[in-house]
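Trainee:
Residue numbers (our numbering): 247 to 347.
Following this line, the structure appears as structure tokens:
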């Protein structure tokens, strides 16, 4: 049973990135931070695959200003689902922390 930091990624522009896939039920918090020099449009999904469908998005093209942070908390994920993040620019950091049951 894992707990603490469960996944981290530095996003590549316009690329879906699977940041975390639990092996059992997990409760997580997700933080996306724009550390770049221009605004970023970010997406966040809990998806069956690494390519989310429309119904799987929690955030879609939410704009983060320079230095802004988006935090989603208390997300319960079933085993084998994927936390997938995307940004239209590089320099967005994603951190996932929580615990697996």
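Beta carbons: idealized from backbone N, C-alpha and C, even for Gly.
Does the Cβ-Cβ distance between residue 278 and residue 338 come in under 9 Å?
Mentor: Their beta carbons are under 9 Å apart, which means residue 278 touches residue 338 by this criterion.
Trainee: Report yes or no: do the region 301-316 and the region 264-274 share at least 3 C-beta pairs separated by less than 8 Å?
Mentor: No: the two stretches stay apart, fewer than three of their Cβ pairs being nearer than 8 Å.
Trainee: In whole angstroms, what separates the C-alpha of residue 355 from that of residue 289?
Mentor: Residue coverage of the chain in this structure runs from 247 to 347, which leaves residue 355 outside it and unanswerable.
Trainee: Report the start-end ranges of each beta strand (DSSP E) in the region 290-342 that is 3 residues or longer and not cut off at the edges.
Mentor: Listed in chain order, the complete beta strand (DSSP E) runs (minimum 3 residues) inside the region 290-342 are 303-310, 315-323, 328-333.
Trainee: Grab me the residues of residue 284's own chain with a C-beta within less than 8 Å of its C-beta, minus the 5 sequence neighbours each way, in chain order.
Mentor: Within the same chain, residue 284 has close Cβ partners 312, 335.
Trainee: How is residue 283 classed by DSSP in three states: helix, strand or coil?
Mentor: Reduced to three states, the DSSP call for residue 283 is coil.
Trainee: Is the beta carbon of residue 318 less than 9 Å from the beta carbon of residue 260?
Mentor: It is not a contact, given that the beta carbons lie outside the stated cut-off.
Trainee: For residue 254, I'd like the list of residues in its chain whose CB is within less than 8 Å of its CB, leaving aside the five on either flank, ordered along the chain.
Mentor: Cβ within range, chain order: 265, 339, 340, 341, 342.
Trainee: Do residue 258 and residue 292 have their CB atoms nearer than 9 Å?
Mentor: No, the Cβ-Cβ distance between residue 258 and residue 292 is not below 9 Å.
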